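Each residue of the sequence shown is one higher than the one before, starting from 203 at the first, in my numbering.
Positions of the beta carbon are idealized from the N, C-alpha and C atoms, including for glycine.
Quick caveat: nothing in here was measured; it's all calculated off a predicted structure.
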Amino acid sequence: MVGIQKSFGRHHVLKNIDFSVEKGTIHALLGENGAGKSTLMNILYGLHKQDSGDIFINGELVEIKSPKVAIEHKIGMVHQHFMLVPTFTVAQNIMLGSELTKGLGIVDFKKANREISRLSEEYGQTVNTKKKIEDMAVGMQQRVEILKALYRGAETLILDEPTAVLTPQEIKKFIENMRNLARSGKTIIMITHKLNEVKQMCDYCTVIRRGENVVTVHVDDYSEQQLASMMVGKELTFGIEKKPANPKEIKLEVQNLLVSDDRGVKRVDGVSFEVRAGEILGIAGVDENGQQELVEAITCLRKVTSGRIKINGKEIQNTSIANVIKSGIATIPEDRQKSGLVMTFSVAENILLKGYKGRPFSKYGRMNKSEINKFASRLTQKFDVRPKDCAELPVKKLSGGNQQKVVIARETSTDPDLLIAIQPTRGLDVGAIGYVHKILIEQRDKGKAVLLISLELDEIMDVADRIAVIYNGKIAAIVDAAKTSEAEIGMLMTGGGKK
Ligand SMILES: Nc1ncnc2c1ncn2[C@@H]1O[C@H](COP(=O)(O)OP(=O)(O)OP(=O)(O)O)[C@@H](O)[C@H]1O
Ligand SMILES: [Mg+2]
């Protein structure tokens, strides 16, 4: 890609980007939230058209007008937010748009299934082709996305933040698979914020900052710290400053909770814990050990079979979401697009989603746009949501990381008693992660109770004051963060007893 420029309205997103990738290598694309990584790759995949600049594939000038043309050039892409049809099966999704037919337009499912099985073996991971997407965990869905690209003959695979949705265990396997693909001659471009993964799996790394090229380097020649500094354009300090907690009265109390999933399988099995004002309780655990059902129960998105959930001493289980908000619970949900934002609403409208009723934002049932925008602008500035002055922009036009910042801005602005943060830094760049951690600790120091659910053990260890480890729907142990080790938590997370 040579001299690529792209603007959206007044917003000049890509300024003269050069980007080239060698066959059979894994190439990381690094940059802060909103730097233009997804936009650049969407251009390569034919989803956006560059304003100027050229694209060459194997030395030949090409015009990629649509994903169809990209696929013809053997380029495949797995997006930051998946694009599968939830009610379709794996096989249907993989075949969609490139169905094999037996003549007369009859789809040859047998042949397709055989082909998918062969591919998944080659890729190193199997999927159940008959399962529906909506019944699968995100890690599985990603496998389907990758197989779909390979099914279409992709030689170059673009992956937009592939590991953001994977568990640490899945990441290990994923890295291995990618290495294998590269060894067999496939070319992989990977957008990521995780510098340790860049070090582990990538050969080259290109850094872009605010739409401009910074450098392309051999990954082996640089440390994580150096890569991070190139990305933000200044030295970064790692590590979090945090005073010991000063816990006060109990804000959230969960007693003997039993919760089942949609199929009636028990997922939370007799869980009890409390969170006090002025402390952060972290819930550590491998994905799918009941975290999701636990949070859904606390926020009244799911009925509990038995047990109690009390906020400020008052029972709230099996009531309503409205009641949850009224009780002073704020939530940073796991899936920002599904349950955190109204994608077609503006940034300002999303920020005021819970607070538009009442003055100064509305009067006699009419919303006061200028007050709403003013308030939103203050928050977007405080949280460094980019682009600048984005209050009136539809939230779907922000980059993934910036969308997350909008959710966090709203939820912390409601002055909650209890803040529940579920994977709050997923998809954020290193600078933004540090900022979110600081916000969580700030909330704690303001006397809020904070419940942090995360699959990132580092995050839990850095931010939480106490750590509850969940395994198989049960709390395996609750330990003091200052007195435990990653090894101990890791063991508890995988069902090992406490030493
Ligand atoms: N369709 C669009 N209309 C207007 N602005 C857009 C559109 N798509 C992207 N942008 C803007 O372009 C900039 C770059 O966005 P992009 O999604 O490429 O960032 P990114 O580097 O992928 O960030 P992240 O790490 O947060 O995913 C952002 O400021 C975003 O708001
Ligand atoms: Mg992106």
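Tell me whether residue i is buried or exposed, calling it buried when 16 or more other Cβ atoms sit within 10 Å of its Cβ.
{"i": "L263", "result": "exposed"}
{"i": "I518", "result": "buried"}
{"i": "A702", "result": "Because the chain is modelled from 203 through 701, residue 702 falls outside the range shown and cannot be assessed."}
{"i": "S522", "result": "exposed"}
{"i": "P562", "result": "exposed"}
{"i": "N244", "result": "buried"}
{"i": "P446", "result": "exposed"}
{"i": "T331", "result": "buried"}
{"i": "G233", "result": "buried"}
{"i": "M695", "result": "buried"}
{"i": "K251", "result": "exposed"}
{"i": "K453", "result": "buried"}
{"i": "Y566", "result": "exposed"}
{"i": "I219", "result": "buried"}
{"i": "K607", "result": "buried"}
{"i": "K701", "result": "Its pLDDT being 44, under 50, K701 is placed unreliably in this model, and the coordinates cannot settle the point."}
{"i": "H639", "result": "buried"}
{"i": "D660", "result": "exposed"}
{"i": "I643", "result": "buried"}
{"i": "V506", "result": "buried"}
{"i": "N604", "result": "buried"}
{"i": "S222", "result": "exposed"}
{"i": "N491", "result": "buried"}
Whose CA, out of the options, lies closest to the CA of residue i?
{"i": "E274", "options": "L352, L232, A237 and P618", "result": "L352"}
{"i": "G472", "options": "K453, L349 and A679", "result": "A679"}
{"i": "N525", "options": "K556, Q343, S508 and N379", "result": "K556"}
{"i": "G530", "options": "L620, Q427, I308 and T627", "result": "L620"}
{"i": "V287", "options": "L659, G435 and Q343", "result": "Q343"}
{"i": "A634", "options": "V506, D464, G560 and M433", "result": "M433"}
{"i": "V329", "options": "I296, S615 and N382", "result": "I296"}
{"i": "D464", "options": "E658, D337, I318 and G602", "result": "D337"}
{"i": "D682", "options": "D220, G484 and A314", "result": "G484"}
{"i": "E399", "options": "S425, R385 and R411", "result": "S425"}
{"i": "P618", "options": "V652, M279 and T289", "result": "V652"}
{"i": "A339", "options": "D537, I553, A670 and V549", "result": "D537"}
{"i": "M569", "options": "L554, L581, Q583 and R580", "result": "L554"}
{"i": "A550", "options": "G560, P596, Q207 and N382", "result": "P596"}
First and last residue of the beta strand (DSSP E) that includes residue i?
{"i": "A678", "result": "K676 to D682"}
{"i": "Q457", "result": "I452 to S462"}
{"i": "K512", "result": "S508 to I513"}
{"i": "D362", "result": "T358 to D362"}
{"i": "D256", "result": "S254 to I259"}
{"i": "I610", "result": "Per DSSP, I610 belongs to no beta strand (DSSP E); it is in the alpha helix (DSSP H), G602 to S615."}
{"i": "G472", "result": "K468 to R478"}
Following a CB-centred definition, is residue i positioned closer than 7 Å to any heavy atom of ligand 1?
{"i": "S601", "result": "yes"}
{"i": "F210", "result": "yes"}
{"i": "G530", "result": "no"}
{"i": "N235", "result": "yes"}
{"i": "H229", "result": "no"}
{"i": "R411", "result": "no"}
{"i": "H214", "result": "no"}
{"i": "N604", "result": "yes"}
{"i": "P626", "result": "no"}
{"i": "D631", "result": "yes"}
{"i": "P589", "result": "yes"}
Taking 7 Å as the cut-off, is the beta-carbon of residue i closer than that to any non-hydrogen atom of ligand 2?
{"i": "K239", "result": "yes"}
{"i": "I393", "result": "yes"}
{"i": "Q282", "result": "yes"}
{"i": "D537", "result": "no"}
{"i": "D362", "result": "yes"}
Could you give the residue range of the alpha helix (DSSP H) that holds residue i?
{"i": "Q402", "result": "L397 to M403"}
{"i": "F284", "result": "From DSSP, F284 is part of no alpha helix (DSSP H); its letter is neither H nor E."}
{"i": "Q294", "result": "V292 to M297"}
{"i": "D702", "result": "Given that the chain is displayed from residue 203 to residue 701, the structure contains no residue 702 and the question cannot be resolved."}
{"i": "L653", "result": "Segment A651 to S656 is the beta strand (DSSP E) holding L653; no alpha helix (DSSP H) there."}
{"i": "S209", "result": "Per DSSP, S209 belongs to no alpha helix (DSSP H); it is in the beta strand (DSSP E), V204 to F210."}
{"i": "Y353", "result": "V340 to Y353"}
{"i": "R580", "result": "K571 to K584"}
{"i": "H639", "result": "V632 to D647"}
{"i": "L246", "result": "K239 to L246"}
{"i": "E234", "result": "Looking at the DSSP string, E234 is not in any alpha helix (DSSP H), and its letter there is neither H nor E."}
{"i": "R316", "result": "F311 to Y325"}
{"i": "L712", "result": "Here the chain comprises residues numbered 203 to 701, so residue 712 is not present and cannot be evaluated."}
Check whether the Cβ of residue i lies closer than 8 Å to any Cβ atom in chain C.
{"i": "D253", "result": "Protein chains in the displayed structure number just one, and chain C is not present."}
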